[in-house]
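Asker: The structure under discussion is supplied below as structure tokens; questions concerning it will follow.
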Amino acid sequence: MRYFLCLVIYALSLSCWAENHLTLSPYVTLISTNEHGKGKEEIRIELKRLGAVRLDGAQKGSALPMIVLSPRQLRAGSISKLEVDKQLAQWALESSMSSWKVEGPDYVTLNLAAEKVDLAALEAKAGEYLNNWLVDAGFQEIKVKPVSTKRRSVLVSRRVAEIRIRPLEVSALSRRLCIWADIVDASGVLLNSAPVWFDVSAMGEVWTPSTDAEKGTAVDVHPLKREFIDVAAAGIEPASRREIEGKEFSRRVESGQPITKDVLRAIPEIKNGDIVFVEVRVGTVFLRSRAEAMHDAYIGDRIKLKSVSSGETMLGVVLSAGRVWIGS
Numbered sequence: 001m002r003y004f005l006c007l008v009i010y011a012l013s014l015s016c017w018a019e020n021h022l023t024l025s026p027y028v029t030l031i032s033t034n035e036h037g038k039g040k041e042e043i044r045i046e047l048k049r050l051g052a053v054r055l056d057g058a059q060k061g062s063a064l065p066m067i068v069l070s071p072r073q074l075r076a077g078s079i080s081k082l083e084v085d086k087q088l089a090q091w092a093l094e095s096s097m098s099s100w101k102v103e104g105p106d107y108v109t110l111n112l113a114a115e116k117v118d119l120a121a122l123e124a125k126a127g128e129y130l131n132n133w134l135v136d137a138g139f140q141e142i143k144v145k146p147v148s149t150k151r152r153s154v155l156v157s158r159r160v161a162e163i164r165i166r167p168l169e170v171s172a173l174s175r176r177l178c179i180w181a182d183i184v185d186a187s188g189v190l191l192n193s194a195p196v197w198f199d200v201s202a203m204g205e206v207w208t209p210s211t212d213a214e215k216g217t218a219v220d221v222h223p224l225k226r227e228f229i230d231v232a233a234a235g236i237e238p239a240s241r242r243e244i245e246g247k248e249f250s251r252r253v254e255s256g257q258p259i260t261k262d263v264l265r266a267i268p269e270i271k272n273g274d275i276v277f278v279e280v281r282v283g284t285v286f287l288r289s290r291a292e293a294m295h296d297a298y299i300g301d302r303i304k305l306k307s308v309s310s311g312e313t314m315l316g317v318v319l320s321a322g323r324v325w326i327g328s
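Going by this note's numbering, the sequence shown opens with residue 1, and the numbers climb by one from there.
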């Protein structure tokens with residue numbers, strides 16, 4: 001009998017000390033037009049919006065209290081832990097439920113937003129822009145798929161008037177592209193920005209040499225083959241047929257390898273080993289001789305030469321193909 005009474009007393013003591021727990025978050029975001037109390041001066045929010053709630057075992061499943069945010073707190077942009085504890089104590093008293101223990105920061109920052117822009121809206125706008133951009137660039141069989149990992153909405157402080165997509169500036173297409181979306185109000189003021197990521201597949205025209213092309217050889221001397229590949233997967237910037245014309249290879253390109261813009265260069269007016277005319281004026285006398293170019297050079301470049309007759313080296317400036325000026 002005494003043992004039974006001890007158990008009862010122990011159980012009663014536990015129930016007396018039983019309490020609910022609330023661990024406050026450092027901040028909470030509120031959409032002012034969607035919260036409880038729309039149109040009133042104060043806002044009521046669910047307790048779980050303020051942090052993590054752990055109920056006493058006997059009260060699991062019970063309705064949670066609402067926390068009232070006064071106009072003063074909304075203007076200040078915060079609510080104190082003391083105020084939350086005060087409201088919970090009053091609620092526990094009126095509902096005859098267990099008391100609350102409030103933990104966490106002394107103040108919870110209230111981030112007020114006027115509107116929430118869903119990520120799906122940004123993806124739709126950015127996806128349409130990207131698809132049109134690829135079409136205009138001449139790509140075919142285009143596929144763009146949004147792959148943003150964080151499915152979070154974007155919060156703004158004022159009403160949204162428009163979503164603007166920033167122009168895409170890329171030198172080489174890649175499998176994954178980022179499009180930036182700017183959210184503006186009716187006055188055109190930027191409210192927020194968000195990156196939208198896409199997986200991209202786009203077939204494009206490329207030209208490949210049918211034989212190995214060595215550095216410094218003209219593209220025109222090689223038979224070229226036209227192909228279509230997934231340029232995004234290749235991650236290259238292919239050269240168009242027009243961009244290839246009149247160019248030479250700046251490095252070795254193997255047979256079947258796509259010709260990209262970075263492997264092309266303009267053909268130098270003077271190439272290493274060329275025999276050129278050297279022109280010089282001494283007073284009223286104009287002299288011309290011949291010399292061998294010791295490296296490639298374009299019009300206006302300084303070039304090192306070796307005289308054909310004497311073997312003497314000299315420096316000059318390229319005037320045109322086969323002509324070099326020496327002197328002031």
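Heads up, the beta-carbon is just placed ideally off N, CA and C, and yes, glycines get one too.
Just so you know, these numbers come straight off a predicted model, no measurement behind them.
As a quick exercise: from V278, V147, V84, E312, pick the residue whose alpha carbon is nearest that of F198.
Answerer: Sequence index remark: in the sequence shown, residue 198 carries index 198 (1-based). Measuring from the Cα of F198, the nearest candidate turns out to be V147.
Asker: Please identify the residue among L88, V84, A76 whose C-alpha is closest to the C-alpha of A63.
Answerer: As a position in the sequence shown, residue 63 is number 63, starting the count at 1. Taking only the C-alpha atoms, the option nearest A63 is L88.
Asker: Just reading off the beta strand (DSSP E) that A126 is part of, what are its end residues?
Answerer: For the purposes of this step, residue 126 is taken as the residue at position 126 of the sequence shown. No beta strand (DSSP E) contains A126, which is instead part of the alpha helix (DSSP H) from 119–136.
Asker: Can you grab the Cα-Cα spacing for the pair E312 / K306, in whole Å?
Answerer: As a first step, residue 312 is located in the sequence shown; it is residue number 312 there, counting from the start. As a first step, residue 306 is located in the sequence shown; it is residue number 306 there, counting from the start. Each residue's alpha carbon lies about 6 Å from the other.
Asker: Taking the beta strand (DSSP E) that P146 belongs to, which residues open and close that run?
Answerer: The count along the sequence shown starts at 1 and reaches residue 146 at position 146. Segment 140–146, the beta strand (DSSP E) holding P146.
Asker: Are the CB atoms of S201 and W352 within a distance shorter than 8 Å?
Answerer: Past the edges of the chain, shown from 1 to 328, lies residue 352, and the structure says nothing about it.
Asker: Is it buried or exposed, T208, if we count other Cβ atoms within 10 angstroms and call 16 or more buried?
Answerer: In the sequence shown, residue 208 corresponds to position 208, counting from 1. Buried: at least 16 other Cβ atoms inside 10 Å.
Asker: Excluding the 5 residues preceding and the 5 following K304 in the sequence, name in chain order all residues of the same chain whose CB lies nearer than 7 Å to its CB.
Answerer: In the sequence shown, the residue the question calls residue 304 occupies position 304. So the list reads M294, H295, T313, L315, once near-sequence residues are dropped.
Asker: Within the continuous alpha helix (DSSP H) that includes K86, where are the two ends?
Answerer: One-based indexing of the sequence shown puts residue 86 at position 86. From DSSP, the alpha helix (DSSP H) with K86 extends over 81–95.
Asker: Under 8 Å between the Cβ atoms of L173 and V231?
Answerer: The residue you call residue 173 lines up with position 173 of the sequence shown. The residue you call residue 231 lines up with position 231 of the sequence shown. Yes, these two residues count as a Cβ contact at 8 Å.
Asker: DSSP has A181 in a bridge; who is on the other side?
Answerer: Here residue 181 corresponds to residue number 181 of the sequence shown, with the count starting at 1. Bridge partners of A181: I165, A194.
Asker: Please report how far the alpha carbon of I229 lies from the alpha carbon of M66, in whole angstroms.
Answerer: If you number the sequence shown from 1, residue 229 lands on position 229. If you number the sequence shown from 1, residue 66 lands on position 66. Near 60 Å, if we compare the C-alpha coordinates of M66 and I229.
Asker: Closer than 8 Å by C-beta to L168: which residues in its own chain qualify, once you throw out the five before and the five after it? Chain order, please.
Answerer: On the sequence shown, residue 168 is found 168 positions in, with the first residue counted as 1. Cβ within range, chain order: Y129, L130, W133, L177, I179.
Asker: Touch check for the stretch 100–114 and the stretch 22–32: three-plus C-beta pairs under 8 Å?
Answerer: At 8 Å Cβ cutoff, the stretches touch.
Asker: To the nearest angstrom, how far is the alpha carbon of D212 from that of S255?
Answerer: Taking the first residue of the sequence shown as position 1, residue 212 is located at position 212. Taking the first residue of the sequence shown as position 1, residue 255 is located at position 255. Approximately 5 Å, taken between the alpha carbons.
Asker: Is G327 near V280, with beta carbons less than 8 Å apart?
Answerer: As a first step, residue 327 must be located in the sequence shown, where it is residue number 327. As a first step, residue 280 must be located in the sequence shown, where it is residue number 280. Cβ distance < 8 Å, so G327 and V280 count as in contact.
Asker: Based on Cα-Cα distance, which residue from D185, E227, V219, I270 lies nearest to D301?
Answerer: Residue numbering aside, residue 301 sits at position 301 when the sequence shown is read from its first letter. Per the Cα distances, I270.
Asker: Whose C-beta lies closer than 8 Å to the C-beta of A233 among residues of the same chain, with five residues either side of it excluded?
Answerer: Here residue 233 corresponds to residue number 233 of the sequence shown, with the count starting at 1. Around A233: R175, S201.
Asker: Would DSSP call K40 helix, strand or coil?
Answerer: By 1-based counting over the sequence shown, the position of residue 40 is 40. For K40, the predicted model reports a pLDDT of 49, less than 50, meaning its position is unreliable; a value from the coordinates is still stated below. Residue state, collapsed to three classes: coil.
Asker: Quick one: using the 10 Å Cβ neighbour count with 16 as the cut-off for buried, is G51 buried or exposed?
Answerer: Residue 51 sits at position 51 when you count from the first residue of the sequence shown. G51 comes out buried.
Asker: Taking 8 Å as the threshold (C-beta atoms), are S171 and E214 in contact?
Answerer: Residue 214 sits at position 214 when you count from the first residue of the sequence shown. Residue 171 sits at position 171 when you count from the first residue of the sequence shown. Contact flag unset, no.
Asker: DSSP has K48 in a bridge; who is on the other side?
Answerer: Working through the sequence shown from its first residue, we reach residue 48 at position 48. Paired residues: none, contrary to the question.
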